[in-house]
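Enquirer: Each number in our numbering comes from the position in the sequence shown (counting from 1) with 2 added on.
For each residue, glycine too, the CB sits at the ideal point set by N, CA and C.
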Amino acid sequence: MKQLLLATLTAVICSAALSAHHSFAAEYDGMQPVTVSGTVAKIEWTNPHIHFFVDVKSDTGTVTQWKFEGYPPNMLVRQGWKRDVTLKVGDTITVFGWRARFDPNLGAAREVTFADGHKLNAGPPAGTGGQ
Numbered sequence: 003m004k005q006l007l008l009a010t011l012t013a014v015i016c017s018a019a020l021s022a023h024h025s026f027a028a029e030y031d032g033m034q035p036v037t038v039s040g041t042v043a044k045i046e047w048t049n050p051h052i053h054f055f056v057d058v059k060s061d062t063g064t065v066t067q068w069k070f071e072g073y074p075p076n077m078l079v080r081q082g083w084k085r086d087v088t089l090k091v092g093d094t095i096t097v098f099g100w101r102a103r104f105d106p107n108l109g110a111a112r113e114v115t116f117a118d119g120h121k122l123n124a125g126p127p128a129g130t131g132g133q
């Protein structure tokens, strides 16, 4: 009975972890590049991917918040990022990436350009699955 309970519990935990992760093609459209500039509003440095939010002001003055998904934290560190140092709330950035298939203000980040002009990769090229 204990073995059956343990097996069931393991299956539930593993399926929850799998449903939380997705492929690039399932969420994003590699044929829909997007570049936005704005101010960092929030950063979630979490696994399996970081997310950061950018407030983008239109020509009419309305602000739209974009959410970008990037690499996992350990991959960002390998790209030269430092938590709480590289990207901070209030920073002005430009993000290049790809639009989500269904959410008009969600994107997969590929590259972030900072106010001083330096650039860092934030995610993989379209459709590579992070390789």
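Measuring CA to CA, which of THR62, GLU113 and ASP118 is closest to THR37?
Expert: The residue you call residue 37 lines up with position 35 of the sequence shown. Cα-wise, what sits closest to THR37 is GLU113.
Enquirer: Helix, strand or coil for ARG101? Go by DSSP, reduced to three states.
Expert: One-based indexing of the sequence shown puts residue 101 at position 99. Here ARG101 sits in strand by DSSP.
Enquirer: Ignoring anything shorter than 4 residues, give me the alpha helix (DSSP H) runs that lie fully in the region 18-54, in order along the chain.
Expert: The qualifying runs are 26-29.
Enquirer: Would you report the Cα separation of ASP118 and ILE95, rounded to the nearest angstrom?
Expert: Along the sequence shown, read from residue 1 onward, the residue named residue 118 stands at position 116. Along the sequence shown, read from residue 1 onward, the residue named residue 95 stands at position 93. Roughly 9 Å separates the two Cα atoms.
Enquirer: Should PHE104 be labelled buried (16 or more other beta-carbon atoms within 10 Å of its own) or exposed?
Expert: In the sequence shown, residue 104 corresponds to position 102, counting from 1. The residue in question, PHE104, is exposed, as its Cβ has fewer than 16 Cβ neighbours within 10 Å.
Enquirer: On the three-state DSSP scale, how would you describe VAL79?
Expert: On the sequence shown, position 77 is the one that residue 79 refers to. DSSP places VAL79 in helix when its eight states are reduced to three.
Enquirer: Report the CB separation of TRP100 from PRO35 in whole angstroms; it is logged as a contact under 8 Å.
Expert: Your numbering for residue 100 matches position 98 in the sequence shown. Your numbering for residue 35 matches position 33 in the sequence shown. 6 Å between Cβ atoms; contact.
Enquirer: With distance defined between alpha-carbon atoms, name the residue in GLY63, HIS53 and VAL65 nearest to ARG85.
Expert: Locating residue 85 in the sequence shown gives position 83, where the first residue counts as 1. Minimum Cα distance to ARG85 is reached at HIS53.
Enquirer: Distance check for GLY109 and PHE102, CA to CA, integer angstroms please.
Expert: For the purposes of this step, residue 102 is taken as residue 100 along the sequence shown, with counting starting at 1. For the purposes of this step, residue 109 is taken as residue 107 along the sequence shown, with counting starting at 1. Phe is not the amino acid found at residue 102; the sequence shown has Ala there. One C-alpha to the other measures close to 5 Å.
Enquirer: Taking all protein chains shown into account, decide if GLY82 is buried (16 or more other Cβ within 10 angstroms of its Cβ) or exposed.
Expert: Looking up residue 82 in the sequence shown gives position 80. Classification for GLY82: exposed.
Enquirer: Am I right that GLY40 and LYS59 are in contact with their C-beta atoms under 8 Å? What's the rounded C-beta distance?
Expert: Sequence index remark: in the sequence shown, residue 40 carries index 38 (1-based). Sequence index remark: in the sequence shown, residue 59 carries index 57 (1-based). Contact holds; Cβ gap of about 7 Å.
Enquirer: Are there 16 or more other CB atoms within 10 angstroms of the CB of VAL42, so buried, or fewer, so exposed?
Expert: Within the sequence shown, numbered from 1, the residue matching residue 42 stands at position 40. Answer is buried; the Cβ neighbour count reaches 16.
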